[in-house]
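Okay, so the sequence shown: first residue is 1 according to the UniProt record's numbering, each after it adds one. Written below as structure tokens is the structure these notes are about.
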Amino acid sequence: MLNDNSQDLATHFLKLSRLGSTRSAMDVDDDDDDQEEPPTELNTINSSGGFLLVSPDKLSVKYPTVHMHGHDVGVVQGNRPAPVKRLVYYFEIHVKSAGVKGQIAIGFTCEGFKMRRQPGKNGAVVGTTRKDVKGRLYPTVAVHSQNEEVTVNFGADPFCFDLKVFIYIYIYMFFFFTLFLFSLFFRVVRSYLLHYGYEDTLNSFDLAGKSNVPPISLDQGSGSNEEGRMYALSQRKVLRQLIRKGKIDAALGKLGEWYPDIVQDDKSATCFLLYCQKFIELVRVGELEEAVSYGRTKLAKFFELPGFEELVQDCVALLAYEQPHKSVVGYLLEDSQREVVADTVNAMILLRNPKVTDTQVCLRSDLEKLLRQLTACCLMKRQLEGDQGEAFHLHRVLNSSDE
């Protein structure tokens, strides 16, 4: 049973090793999905005609006459609906003249909105609007007394209101409240460091946490998982460091010394990933002849094995490029590829713990499980809202720390 579990775990990481080959294409697709043309000017065709004048640049509106009735409203929409595949859409107006009565209004209206009515009447933030609005909504401006005049800013010029700060404050308040409420942050991060063998960072983290983190109540299940993740921590740390530095021969030597059963079958997925990484490291430093020789010795036998051939082909393809890091198989030279191999070895060692009863514990830390749940919830929430709102891409969130 141990061998079957080992093979299943290693196969999981084997699939992860080729995710980099499709990551760029996925990013392009994500960008395409999020591209929506926002409004840029006022729509002079869909307006209330004689009750308003629109400037030649289609960004200013004026009410030229005296209104006689409540339905003599000058209304005009934007030339496009508000984009929905983003976190927030916003536009502003600048009041050039309040006119006689100051009955200027802005809002969002549907395509079939009657252009003789005010689109809104409340000048204060009223909170979250109703969720059952159907169809696309257009930014809309209305004027309703003589000489009222406004200019619309759809984003071509800087907004007077600092929208980004407003969004960041809202997001940070939510997350800080969540962390304070559940007091899980420390335990989740600690479980991640434990799971992946970052012993030195873990020690520093524990030292800092003694004075900065409130007491945390751990249930029995969490304590059991933590005890299991302490297994062979120092050895897992050493192996991860060696693999992250590209010292694959040294890592294989340590595995042979500490866990010979992991490398005993040289056709296993774990050995295959280590051999591939050794080949990649040779290409990285320009040792192409040695890489060819190593490939013939260690990788040739995997060409005919189901599930292995694609990664072998990508590895060999590195030899065809003068600048392999810029090629379609350049993902193999990224640090993330070393991490996949290190994660594989880490999981194989955790599986050797006699107290492990669930192999899934060896695959992911609590943090990763929470992120997977977060992703699933965000996707489901957006689906329930008719695919409106900013599309959630976890890799963008994790890579946005410098913004």
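Backbone N, C-alpha and C fix where the C-beta goes; we use that ideal spot for every residue, glycine too.
Assigned secondary structure, residue 156 (DSSP; H/G/I helix, E/B strand, else coil): As a working mapping, residue 156 is identified with position 156 in the sequence shown. In the structure shown, residue 156 sits in coil (DSSP, three-state: anything other than H, G, I, E or B).
Opening and closing residue of the beta strand (DSSP E) in which residue 45 lies: As a working note, residue 45 is residue 45 in the sequence shown. Membership of residue 45 in the beta strand (DSSP E) is indicated by the continuous run 42-47.
Run of the alpha helix (DSSP H) containing residue 234, from where it starts to where it stops: Here residue 234 corresponds to residue number 234 of the sequence shown, with the count starting at 1. Taken as a continuous stretch (DSSP letters only), the alpha helix (DSSP H) holding residue 234 covers 233-244.
Euclidean distance between Cα positions of residue 275 and residue 322: The count along the sequence shown starts at 1 and reaches residue 275 at position 275. The count along the sequence shown starts at 1 and reaches residue 322 at position 322. Going from the Cα of residue 275 to the Cα of residue 322 covers about 22 Å.
Helix, strand or coil at residue 103 [DSSP, three-state]: Mapped onto the sequence shown, residue 103 falls at position 103. DSSP places residue 103 in coil when its eight states are reduced to three.
The stretch 315-334 contacting the stretch 226-245, beta-carbon criterion three pairs below 8 Å: no
Nearest candidate by alpha-carbon position, reference residue 376, set 392, 77 and 189: Residue 376 sits at position 376 when you count from the first residue of the sequence shown. Among 392, 77 and 189, the Cα nearest to that of residue 376 belongs to 392.
Rounded straight-line distance, which links the Cα of residue 47 to that of residue 142: Here residue 142 refers to the residue found at position 142 when the sequence shown is read from its first residue. Here residue 47 refers to the residue found at position 47 when the sequence shown is read from its first residue. Whole-angstrom Cα-Cα distance: 10 Å.
Closest Cα partner of residue 61 within the set 144, 15 and 82: Residue numbering aside, residue 61 sits at position 61 when the sequence shown is read from its first letter. It is 144.
Alpha carbon of residue 247 to alpha carbon of residue 278, nearest angstrom: Counting from one through the sequence shown, the residue named residue 247 turns up at place 247. Counting from one through the sequence shown, the residue named residue 278 turns up at place 278. Cα to Cα, the separation comes out at about 8 Å.
Straight-line Cα distance separating residue 154 from residue 139: By 1-based counting over the sequence shown, the position of residue 139 is 139. By 1-based counting over the sequence shown, the position of residue 154 is 154. Rounded to the nearest angstrom, the two C-alpha atoms are 9 Å apart.
Cβ contact check for the stretch 33-43 and the stretch 79-88: 3 or more pairs under 8 Å: Yes: the two stretches touch, three or more of their Cβ pairs being nearer than 8 Å.
Rounded Cβ spacing between residue 36 and residue 104 (contact assumed at less than 8 Å): Taking the first residue of the sequence shown as position 1, residue 36 is located at position 36. Taking the first residue of the sequence shown as position 1, residue 104 is located at position 104. Not a contact, Cβ separation roughly 28 Å.
Spatial distance of residue 24 from residue 192 (CA atoms): Looking up residue 24 in the sequence shown gives position 24. Looking up residue 192 in the sequence shown gives position 192. Any answer about residue 24 is weak, because its pLDDT of 49 lies below 50 and its placement is not dependable; what the coordinates show is given next. Approximately 27 Å, taken between the alpha carbons.
Residues of its chain near residue 14, where Cβ-Cβ distance is below 6 Å and the 5 sequence neighbours each way are ignored: Here the question's residue 14 lines up with position 14 in the sequence shown. Cβ neighbours of residue 14 beyond the five flanking positions: 269.
Identity of the residues DSSP links to residue 53 by a beta bridge: Start at 1 with the first residue of the sequence shown, and residue 53 comes out as number 53. Answer is 62, bridged to residue 53.
Close Cβ partners of residue 97 (< 7 Å) along its chain, the five nearest in sequence each way excluded: Position 97 of the sequence shown, counting from 1, holds the residue named residue 97. Closer than 7 Å at the Cβ level, and outside the excluded window around residue 97, lie 147, 148 and 149.
For residue 77, three-class secondary structure by DSSP: As a position in the sequence shown, residue 77 is number 77, starting the count at 1. Strand, per DSSP.
Proximity below 9 Å, CB of residue 74 to CB of residue 110: Taking the first residue of the sequence shown as position 1, residue 74 is located at position 74. Taking the first residue of the sequence shown as position 1, residue 110 is located at position 110. Cβ distance not < 9 Å, so residue 74 and residue 110 don't count as in contact.
Residues near residue 291 by beta carbon distance below 6 Å, same chain, minus five either side: For the purposes of this step, residue 291 is identified with residue 291 of the sequence shown, where counting begins at 1. Cβ neighbours of residue 291 beyond the five flanking positions: 279, 282 and 283.
For residue 292, three-class secondary structure by DSSP: Locating residue 292 in the sequence shown gives position 292, counting from the first residue. Secondary structure at residue 292: helix, using DSSP grouped into helix, strand and coil.
Residue range of the unbroken alpha helix (DSSP H) whose run includes residue 376: By one-based count along the sequence shown, residue 376 stands at place 376. From DSSP, the alpha helix (DSSP H) with residue 376 extends over 366-384.
Distance CB(residue 350)-CB(residue 371) smaller than 9 Å: Counting from 1 along the sequence shown, the entry for residue 350 is found at position 350. Counting from 1 along the sequence shown, the entry for residue 371 is found at position 371. For residue 350 and residue 371, no; Cβs fall outside 9 Å.
Close Cβ partners of residue 404 (< 8 Å) along its chain, the five nearest in sequence each way excluded: Residue 404 falls outside the range modelled here, since the chain spans only 1 to 403, and no answer is possible.
Extent of the continuous beta strand (DSSP E) to which residue 139 belongs: Taking the sequence shown and counting its residues from 1, one reaches residue 139 at position 139. Element bounds for residue 139: 137-143.
First and last residue of the uninterrupted alpha helix (DSSP H) at residue 195: On the sequence shown, position 195 is the one that residue 195 refers to. Run containing residue 195: 185-195, per the alpha helix (DSSP H) assignment.
Residue 109 in three-state terms, based on DSSP: Along the sequence shown, read from residue 1 onward, the residue named residue 109 stands at position 109. Looking at residue 109 - three-state DSSP - the assignment turns out to be strand.
Coil, strand or helix - residue 95 by DSSP: As a working note, residue 95 is residue 95 in the sequence shown. Residue 95: strand per DSSP, three-state reduction.
Bounding residues of the alpha helix (DSSP H) (the contiguous stretch that carries residue 348): Counting from 1 along the sequence shown, the entry for residue 348 is found at position 348. Run containing residue 348: 335-351, per the alpha helix (DSSP H) assignment.
For residue 361, the residue or residues it bridges with in DSSP: The residue labelled residue 361 in the question sits at position 361 within the sequence shown. None; residue 361 has no bridge partner.
Coil, strand or helix - residue 312 by DSSP: By 1-based counting over the sequence shown, the position of residue 312 is 312. Here residue 312 sits in helix by DSSP.
9 Å Cβ cutoff met for residue 87 and residue 389: Residue mapping note: residue 87 aligns to position 87 of the sequence shown, counting from 1. Residue mapping note: residue 389 aligns to position 389 of the sequence shown, counting from 1. Against a cut-off of 9 Å, the Cβ pair of residue 389 and residue 87 comes out as a contact.
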